Amino acid sequence: MKLTVLGSGTSHGVPVIACNCKVCKSGDKKDNRLRASALLSIKDVSGDRNFLIDVGPDFREQALRINLCKLDAVFLTHPHADHIHGIDDLRIFSHKNSSAMNCDERLSKKFPETAGKGLAMYMSSDSEKCVKTNFHYIFMTHEKGGGTPKLNIIDVDSYSEKNPLELGELCVVPVPMEHGCIKTTGWIFSKKLNGKKHSIAYLTDCNFISENSLNRVKNACSDGILDHLVIDALRADKHSSHNNFDQALFYADKIGAVHTWFTHLSHDFLHGEIQDYIDKKLPEFTNLQKIVENGGTVSPAFDGLELDCK
Ligand SMILES: [Zn+2]
Ligand SMILES: [Zn+2]
Ligand SMILES: [Zn+2]
Numbered sequence: 001m002k003l004t005v006l007g008s009g010t011s012h013g014v015p016v017i018a019c020n021c022k023v024c025k026s027g028d029k030k031d032n033r034l035r036a037s038a039l040l041s042i043k044d045v046s047g048d049r050n051f052l053i054d055v056g057p058d059f060r061e062q063a064l065r066i067n068l069c070k071l072d073a074v075f076l077t078h079p080h081a082d083h084i085h086g087i088d089d090l091r092i093f094s095h096k097n098s099s100a101m102n103c104d105e106r107l108s109k110k111f112p113e114t115a116g117k118g119l120a121m122y123m124s125s126d127s128e129k130c131v132k133t134n135f136h137y138i139f140m141t142h143e144k145g146g147g148t149p150k151l152n153i154i155d156v157d158s159y160s161e162k163n164p165l166e167l168g169e170l171c172v173v174p175v176p177m178e179h180g181c182i183k184t185t186g187w188i189f190s191k192k193l194n195g196k197k198h199s200i201a202y203l204t205d206c207n208f209i210s211e212n213s214l215n216r217v218k219n220a221c222s223d224g225i226l227d228h229l230v231i232d233a234l235r236a237d238k239h240s241s242h243n244n245f246d247q248a249l250f251y252a253d254k255i256g257a258v259h260t261w262f263t264h265l266s267h268d269f270l271h272g273e274i275q276d277y278i279d280k281k282l283p284e285f286t287n288l289q290k291i292v293e294n295g296g297t298v299s300p301a302f303d304g305l306e307l308d309c310k
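Under the UniProt record's numbering, think of the first position of the sequence shown as 1, with each following residue one higher.
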């Protein structure tokens, strides 16, 4: 099971249009941040499968960068523009049952319409309402031929750590979070590897995670290892709807993953400066400090980062 960070940037992306700050002008690739998204890839008895988390305005570029040829489902955190405005680019994967498809096959078949319900897209009922309103044309009756993606929206409100979504050998648990005045969905992905359960948690966008939701993360991973936590951490200063760095460290300390990664990063800090900030603050977070002393890490994510479970 591997998670690839496709975008580690906030809603503007970095560089920000028309900004001349040192981060936006940086030559370090790690300071070039597309809008937040990730790809979970697994191999199991169902074959090689790819699951996309969020489909923002940079999805096309992100898919081309990694030569994405197959997509099995999409998990949506919430319907803000920076997480969903690439939705039309799902056409490539929704106009044919994408499993067992490769690029050559797809080209030879000229994108036939999917026979079934379309590409599975998992989200909360709140997100579903918003998606169906904002992208109404997708769900209206329209001519055949494929100007719109064919999507099968699946409501995940009833799933929890006690009742996970089971997709073959992959277990998925949604985590309700708050992001200013809207509710968002974090995701925990778990799979057995060599007889042991491994998990990855992806928690953005948020600025509040309730005790119940923190317990959900802990319970979902309690009988195995939480290898990676990817968490919203916008900048050092407070923000009305995103974790700042200290809030991200606070939640990461409670969750206790082996490796914690900051994402949804703004242009306030260079990649190296974020790491310096974390290293300086770490002694205030005793659980994280202990994890780092035992070989764990707390670091800013960057585009292209690949997180493996071992
Ligand atoms: Zn966002
Ligand atoms: Zn800037
Ligand atoms: Zn948002």
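Cβ coordinates follow ideal geometry from the N, Cα and C atoms, glycine included.
All of these numbers come straight from a predicted model, not from anything done at the bench.
- A contact between stretches requires three or more CB pairs, one per stretch, nearer than 8 Å, and the stretch 168-176 fails this requirement with the stretch 131-138.
- Judged by DSSP in its simplified three-state form, N244 adopts coil rather than helix or strand.
- Between L249 and L307 a beta carbon distance of about 19 Å is seen, past the 8 Å cut, so the two are scored as non-contacting.
- One Cα belongs to P176, the other to H239, and the distance between them is close to 19 Å.
- In the structure shown, the three-state DSSP call for N215 is helix.
- Counted as a single uninterrupted DSSP element, the beta strand (DSSP E) harbouring R49 occupies residues G47 to I53.
- When distances are taken from the beta-carbon of S127 to the heavy atoms of ligand 1, even the shortest one reaches 6 Å or more.
- For H85, the shortest C-beta to heavy atom distance toward ligand 1 is 6 Å or greater.
- Residue L234 holds the alpha-carbon nearest to the alpha-carbon of G9 among C309, K280 and L234.
- For the pair S124 and T185, the CB atoms are nearer than the 7 Å cut-off.
- Residue state for N152 is assigned as strand, using DSSP reduced to three classes.
- Residue environment analysis places T133 among the exposed positions, since fewer than 16 neighbouring C-beta atoms fall within 10 angstroms of its C-beta.
- Those residues that bring their Cβ nearer than 5 Å to a heavy atom of ligand 3 are H80 and D205.
- Counting the other Cβ atoms within 10 Å of the Cβ of A63 gives 16 or more, which makes it buried.
- For K22, there is no enclosing beta strand (DSSP E), as DSSP gives it neither H nor E.
- D246 has its Cβ no nearer than 6 Å to any heavy atom of ligand 1.
- Here P300 carries a strand assignment [DSSP, helix/strand/coil].
- When only Cα atoms are considered, F285 and N243 end up about 16 Å apart.
- Annotation for C21: H267 place their beta carbon closer than 8 Å to its own, counting only its chain and skipping 5 residues before and after.
- DSSP, reduced to helix, strand and coil, places L40 within a strand of the structure shown.
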